[in-house]
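The structure under discussion appears below in the form of structure tokens.
Residue numbers (this note's numbering): 1120 to 1790.
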């Protein structure tokens, strides 16, 4: 968002507070919390995040404008590696400059799987030099000084906790300094853990302490920097439990920041459902504090929508993205970069759902908004998406124009060997392959492969893997199955070393399973499908259409291996999922019914087979009539089963003429 950050739940309330006159006091407001987060490299910067449908450029979804742990500017502290003896000689640390992570609209790459886009420069706003007292910050924002000690009933003075707090700050500063220099990250983790314990011990009767929360956020970020994502999760869960939202906006912001960081960390380990839950809860908190129509709420809506896209929850993603667009309309502002990003995301969601006309409309508006805001370099990425929509609508000439326009602009702006150029080559190859121009398609595939295999250090491993996967699809359609498998194996090897890519790996394995099946290598097909299904179960994708289809394909491999009982179990599970996700009348569901009926027949369950196949034949006749070859084949199977069971079919087939007449009557009635 412009001039602010999603993390900034209410910047005005922070800046409106009067500065404290105590020069020696330490600034411990929520701004310091954000500053500390910003000074650490985002945990997701090590993440090969999936491509995001709602951004553009060369930056990934998680590594984009909505980083909640973005790199910030840190002051250099003249602190040497501490010895135990030096901890008594504490210096008052300087106050931190407030740097909030940028959430601007020039964000991440859109569709490439949480994928690559141009990185935004983090925005620095609200620099604050005021010092504040160190403890007891609540929602009012008032400053308080903690007495050095209190009197106990016996008249003796209690050991002051101020020294522990000062020591904790000192240790935390050292940890941050070590992270910034990159000298000893493990030592930084040790120091931050010690600081967290001291902050916890100094909290008044377990009351919420913003410095403690900040320290936990920093500790989790260091865990992520060390790729210890599972260790970071419980730390962030604790940080989310501490703030009491009703105590004021600073506590609300602390919880919001913790939830967003926790969501990012869940995404890094492939737990997208948990990530979405965290983002959703953070959004609700932000709405309560800022109101439904604040532009910063719109930024978080887009972030949540991108996560929903990655979780393949497109209907919910569309609803959330529509909320973001409605916020722009409510505020009545001219087309902004932020709105352009939202429209691009909406266009890509519509494209994924098959609503190509609406997708094209949103993408064209996004392109116009970017051009109006001087984002010509980013228009090329939107032109690529516009070409995708034209291709889906079979408007091939317009698709070629859009792709060529994008290709020319990207070569000029990014260079001949940029991965975005390779992505356009792949699209052109797909287009020419669809139109039967195989020679041109192969030429563009070779150009794309040259880029992805060039060992260009500017191309991330995840971009290479994504490109190889896309090329393999074109090779498969050109019946170059072995070449497709080779490319998928290379992509799989790349993703195998990347955290948080279980869904991508499962998708590649499922694709390989299909290719092995086509080649008659049923054992290899079964094994790759089994691996893919196990990964999908582990990532919580047990109720998705993709999971149901993968189960069906695995069941077919079992049939070829004579593992009939296992095939029945797989088909039954696929049937339940697709009935819920698609409906009993969807073509995918009907295909599973047909396969399951065949499996029932093979193991002697004739009644179950007849019931299922009867449903399939009835639905297909209703929709397609008897002239359809698939319907006729299944009807013959049904008749054969009825004969074997001693029953007679009483079903009246609906003729094609009757079907057409009824359709015409319905159409005229609608008119």
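Yeah, the Cβ is synthetic: ideal placement off N, Cα and C, and Gly gets one too.
C-beta atoms of residue i and residue j nearer than 8 Å
{"i": "residue 1639", "j": "residue 1672", "result": "no"}
{"i": "residue 1457", "j": "residue 1417", "result": "yes"}
{"i": "residue 1506", "j": "residue 1488", "result": "no"}
{"i": "residue 1525", "j": "residue 1491", "result": "no"}
{"i": "residue 1684", "j": "residue 1722", "result": "yes"}
{"i": "residue 1717", "j": "residue 1696", "result": "no"}
{"i": "residue 1588", "j": "residue 1607", "result": "yes"}
{"i": "residue 1463", "j": "residue 1504", "result": "yes"}
{"i": "residue 1735", "j": "residue 1712", "result": "yes"}
{"i": "residue 1427", "j": "residue 1435", "result": "yes"}
{"i": "residue 1739", "j": "residue 1715", "result": "no"}
{"i": "residue 1317", "j": "residue 1287", "result": "yes"}
{"i": "residue 1431", "j": "residue 1665", "result": "yes"}
Other residues of its chain near residue i: CB distance less than 8 Å, five sequence neighbours each side excluded
{"i": "residue 1637", "result": "1600"}
{"i": "residue 1402", "result": "1416, 1419, 1420, 1423"}
{"i": "residue 1563", "result": "1544, 1545, 1547, 1548, 1551"}
{"i": "residue 1689", "result": "1670, 1671, 1673, 1674, 1677"}
Spatial neighbours of residue i in its chain, beta-carbon cut-off 6 Å, leaving aside the 5 residues before and after
{"i": "residue 1614", "result": "1584, 1620, 1623, 1624"}
{"i": "residue 1392", "result": "1659"}
{"i": "residue 1510", "result": "1518, 1550"}
{"i": "residue 1560", "result": "1548, 1551, 1552"}
{"i": "residue 1442", "result": "1420"}
Neighbourhood of residue i by C-beta, 7 Å cutoff - its chain only, sequence neighbours within 5 removed
{"i": "residue 1374", "result": "1359, 1362, 1364, 1404"}
{"i": "residue 1111", "result": "Examination of residue 1111 is not possible in this model, given that the chain is present from 1120 through 1790 alone."}
{"i": "residue 1508", "result": "1470, 1475, 1478, 1479, 1482"}
{"i": "residue 1484", "result": "1462"}
{"i": "residue 1686", "result": "1674, 1677, 1678, 1718"}
{"i": "residue 1603", "result": "1591, 1594, 1595, 1634"}
{"i": "residue 1319", "result": "1331"}
Counted within 10 angstroms of its Cβ, other Cβ atoms place residue i as buried (16 or more) or exposed
{"i": "residue 1699", "result": "exposed"}
{"i": "residue 1451", "result": "exposed"}
{"i": "residue 1642", "result": "exposed"}
{"i": "residue 1439", "result": "buried"}
{"i": "residue 1757", "result": "buried"}
{"i": "residue 1501", "result": "buried"}
{"i": "residue 1235", "result": "Legend: pLDDT at residue 1235 = 33, less than 50; position of this residue unreliable, value from coordinates given subsequently. Residue 1235 is buried by the Cβ-count criterion."}
{"i": "residue 1557", "result": "exposed"}
{"i": "residue 1576", "result": "exposed"}
{"i": "residue 1448", "result": "exposed"}
{"i": "residue 1591", "result": "buried"}
{"i": "residue 1752", "result": "exposed"}
{"i": "residue 1706", "result": "exposed"}
{"i": "residue 1513", "result": "exposed"}
{"i": "residue 1486", "result": "buried"}
{"i": "residue 1495", "result": "exposed"}
Anticipated Cβ contact below 8 Å, residue i with residue j, distance rounded
{"i": "residue 1311", "j": "residue 1341", "result": "6 Å"}
{"i": "residue 1298", "j": "residue 1344", "result": "7 Å"}
{"i": "residue 1647", "j": "residue 1628", "result": "5 Å"}
{"i": "residue 1645", "j": "residue 1611", "result": "Residue 1645 to residue 1611, Cβ: 17 Å. No contact."}
{"i": "residue 1381", "j": "residue 1352", "result": "7 Å"}
{"i": "residue 1468", "j": "residue 1437", "result": "5 Å"}
{"i": "residue 1093", "j": "residue 1395", "result": "Limits of the chain in this structure are 1120 at one end and 1790 at the other, which puts residue 1093 out of reach."}
Distance between residue j and residue i (C-alpha atoms, nearest Å)
{"i": "residue 1532", "j": "residue 1732", "result": "57 Å"}
{"i": "residue 1578", "j": "residue 1571", "result": "8 Å"}
{"i": "residue 1691", "j": "residue 1657", "result": "20 Å"}
{"i": "residue 1446", "j": "residue 1481", "result": "16 Å"}
{"i": "residue 1166", "j": "residue 1762", "result": "Its pLDDT being 37, under 50, residue 1166 is placed unreliably in this model, and the value from its coordinates should be taken loosely. Roughly 60 Å separates the two Cα atoms."}
{"i": "residue 1580", "j": "residue 1573", "result": "12 Å"}
{"i": "residue 1376", "j": "residue 1350", "result": "18 Å"}
{"i": "residue 1144", "j": "residue 1313", "result": "Residue placement at residue 1144 is flagged as unreliable, the pLDDT there being 33, under the threshold of 50; a coordinate-derived value is accordingly withheld."}
{"i": "residue 1400", "j": "residue 1677", "result": "42 Å"}
{"i": "residue 1069", "j": "residue 1595", "result": "Because the chain spans 1120 through 1790 in this model, residue 1069 falls outside it and cannot be assessed."}
{"i": "residue 1565", "j": "residue 1554", "result": "18 Å"}
{"i": "residue 1410", "j": "residue 1355", "result": "26 Å"}
{"i": "residue 1187", "j": "residue 1379", "result": "Any reading at residue 1187 must be qualified, since the residue scores a pLDDT of 34, below 50, and its modelled position is unreliable; the value itself is stated next. Going by the C-alpha atoms only, they are around 7 Å apart."}
{"i": "residue 1328", "j": "residue 1540", "result": "50 Å"}
{"i": "residue 1220", "j": "residue 1372", "result": "Since pLDDT at residue 1220 reaches only 34, below the 50 mark, its modelled position is unreliable, and the value read off the structure follows with that caveat. Rounded to the nearest angstrom, the two C-alpha atoms are 14 Å apart."}
{"i": "residue 1302", "j": "residue 1295", "result": "11 Å"}
{"i": "residue 1357", "j": "residue 1535", "result": "48 Å"}
{"i": "residue 1586", "j": "residue 1542", "result": "7 Å"}
{"i": "residue 1337", "j": "residue 1701", "result": "44 Å"}
{"i": "residue 1635", "j": "residue 1741", "result": "35 Å"}
{"i": "residue 1453", "j": "residue 1384", "result": "35 Å"}
{"i": "residue 1493", "j": "residue 1654", "result": "43 Å"}
heavy atom of the ligand FMN below 7 Å from residue i C-beta
{"i": "residue 1725", "result": "The model depicted lacks the ligand FMN and carries no ligand whatsoever."}
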